Each structure stands twice: as C-alpha cells, then as structure tokens.
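Asker: With my numbering applied, the sequence shown covers 1 to 53.
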Amino acid sequence: MRKTTRISLNELINENKKEIMSNQEIINDIEKRLEDKHSKKVYVQEQQAKRII
C-alpha cells in the first residue's frame with residue numbers, strides 16, 4: 001500500500017510558486033489580470049469623482 005504524503009502549506013505554496021515562475025504564459029496571464037483589475041479600479045474612481053463634482 002502506498003503511503004500518503006502530507007506536505008505543509010508553506011511547502012505547497014513554494015511548489016506552486018516554482019511552477020508559476022517557470023511558466024511564462026501563466027505569468028503573462030496574471031499580469032494581464034492585474035492590469036485589467038487596476039484599469040477597472042481607476043475607471044470606477046474617475047466615474048465616482050465626476051458624480052461628486
């Protein structure tokens with residue numbers, strides 16, 4: 001019978017970081033999502049400022 005391997009949360013996080021950092025496509029996708037999120041935030045703030053004025 002095979003033993004189950006338990007890893008700590010930190011080990012899991014580190015493994016995920018290594019996987020992400022080794023894949024440029026994933027990095028590009030994350031950067032695009034962050035840019036989109038920032039763009040939406042700036043747009044909403046501008047619209048709210050226009051309503052106040």
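All residues carry an ideal CB built from backbone N, CA and C; glycine is no exception.
In this text, all values refer to a predicted model and were calculated from it rather than measured experimentally.
Please state whether the Cβ-Cβ distance between isoleucine 7 and glutamate 15 is less than 9 Å.
Answerer: By 1-based counting over the sequence shown, the position of residue 7 is 7. By 1-based counting over the sequence shown, the position of residue 15 is 15. Against a cut-off of 9 Å, the Cβ pair of glutamate 15 and isoleucine 7 comes out as a contact.
Asker: Mapping DSSP to helix, strand and coil, what is isoleucine 7?
Answerer: Along the sequence shown, read from residue 1 onward, the residue named residue 7 stands at position 7. Of the three classes helix, strand and coil, the one that applies to isoleucine 7 here is coil, per DSSP.
Asker: Rounded to the nearest angstrom, what separates lysine 37 and lysine 18 at their Cα positions?
Answerer: Numbered from 1 along the sequence shown, position 37 holds the residue referred to as residue 37. Numbered from 1 along the sequence shown, position 18 holds the residue referred to as residue 18. When rounded, the distance between both Cα atoms is 24 Å.
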